[in-house]
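So the sequence shown is residues 68 to 239, counted in the working numbering. The beta-carbon is built from N, C-alpha and C at its ideal position, and this holds for glycine as well.
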Amino acid sequence: KWNHTSFIHHTYYDNQIAKNHLKNSSNYYERIIQGHQSLPVRQSVKIVLSYLKELDSVKYINELRGFLAPGSNLNLHLIHLIITWLGQEEVVLQDEKRIADEFIFSIPERKDQFLESFISSNWLEHLVENDHLVELLGPAHEKMDLAGTEKITEKEYSFSRILTRHFNQCPE
């Protein structure tokens with residue numbers, strides 16, 4: 068189910084860009100690593116990954132694994148883009164979840180980026196089922212400020228923001 072408006076010419080244009088990038092290289096990830104990783108590359112990375120996810124899931128998973136593997140020599144802005152993009156995908160493949168467990172949730176900075184940007188209820192289910200949100204709750208003790216009123220921790224605040232963001236997007 069698509070939650071956004073799409074135009075046929077836009078989809079056609081994206082598909083042509085993706086095909087063009089993929090026909091020139093059997094390994095898109097290697098091409099990006101060896102080339103100039105400037106900001107204009109960002110849009111083509113999203114387009115190619117989206118295209119591959121729809122048409123060739125095996126190649127898509129291999130490319131995603133290449134981009135996110137530690138030591139991939141990918142610029143941080145592209146890693147952040149891929150993490151954010153992945154968290155916003157409504158349809159989440161089992162292989163995507165495994166890659167996220169291995170290459171995103173195991174690295175604190177990446178996990179924080181993902182938790183700040185994901186919006187998919189499928190990702191929320193995965194995070195809860197695999198205890199990825201437990202650490203956001205922090206210790207079970209109360210914190211008080213000088214006036215004696217309860218304060219929530221930064222982790223508790225982050226957790227409440229995740230739940231609020233999720234429930235504000237759910238249909239009633």
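key: Assigned secondary structure, Gly-154 (DSSP; H/G/I helix, E/B strand, else coil)   = Here Gly-154 sits in helix by DSSP.
request  = Taking only the alpha-carbon atoms, compute the straight-line gap between Ser-188 and Ile-100 and give it to the nearest angstrom.
outcome  = A straight line joining the alpha-carbon of Ser-188 with that of Ile-100 spans about 32 Å.
Inter-residue spacing [alpha-carbon to alpha-carbon] between Asp-212 and Lys-178 = Low confidence applies to Asp-212: its pLDDT is 49, below 50, so where it sits in the model is not reliable, and the reading given next is rough at best. Each residue's Cα considered, the two are about 29 Å apart.
ask   = Using DSSP with H/G/I as helix, E/B as strand and the rest coil, what is Ala-167?
value = When DSSP states are grouped into helix, strand and coil, Ala-167 belongs to the helix group.
ask   = Starting from Val-115 and walking both ways along the alpha helix (DSSP H), at which residues does that stretch end?
value = Val-115: member of the alpha helix (DSSP H) spanning 108 to 122, first to last residue.
query = Residue range of the alpha helix (DSSP H) that Ser-188 falls in?
reply = Where Ser-188 is concerned, the enclosing alpha helix (DSSP H) stretches over 188 to 196.
query = Applying the criterion that 16 or more other CB atoms from any shown protein chain within 10 Å of the CB defines a buried residue, is Gln-180 buried or exposed?
reply = Gln-180 sits buried, since 16 or more C-beta atoms from the chains shown fall within 10 Å of its C-beta.
message = So Leu-135 and Phe-170 are supposed to be a Cβ contact under 8 Å. How far apart are they, rounded?
response = Confirmed, about 4 Å.
query = Sorted by chain position, which residues of the same chain lie with C-beta nearer than 6 Å to Lys-120's C-beta, five sequence neighbours on each side aside?
reply = Closer than 6 Å at Cβ, skipping near neighbours: Tyr-127.
ask   = Roughly how many angstroms lie between the CA atoms of Ser-173 and His-199, to the nearest whole one?
value = If I take the Cα positions, the gap works out to 10 Å.
Outcome for Val-115 when other beta-carbon atoms lying within 10 angstroms are tallied against a minimum of 16 = Answer is buried; the Cβ neighbour count reaches 16.
ask   = Just checking my contact of Ser-124 with Leu-160 at CB under 8 Å: how many whole Å lie between their CB atoms?
value = With 8 Å as the limit, Ser-124 and Leu-160 qualify as a contact, their Cβ atoms being about 7 Å apart.
ask   = What residues in its chain sit with their C-beta under 6 Å from that of Lys-113, if we drop five residues either side in the sequence?
value = Contacts found: Trp-152.
ask   = Under three-state DSSP, which class holds Leu-145?
value = Looking at Leu-145 - three-state DSSP - the assignment turns out to be helix.
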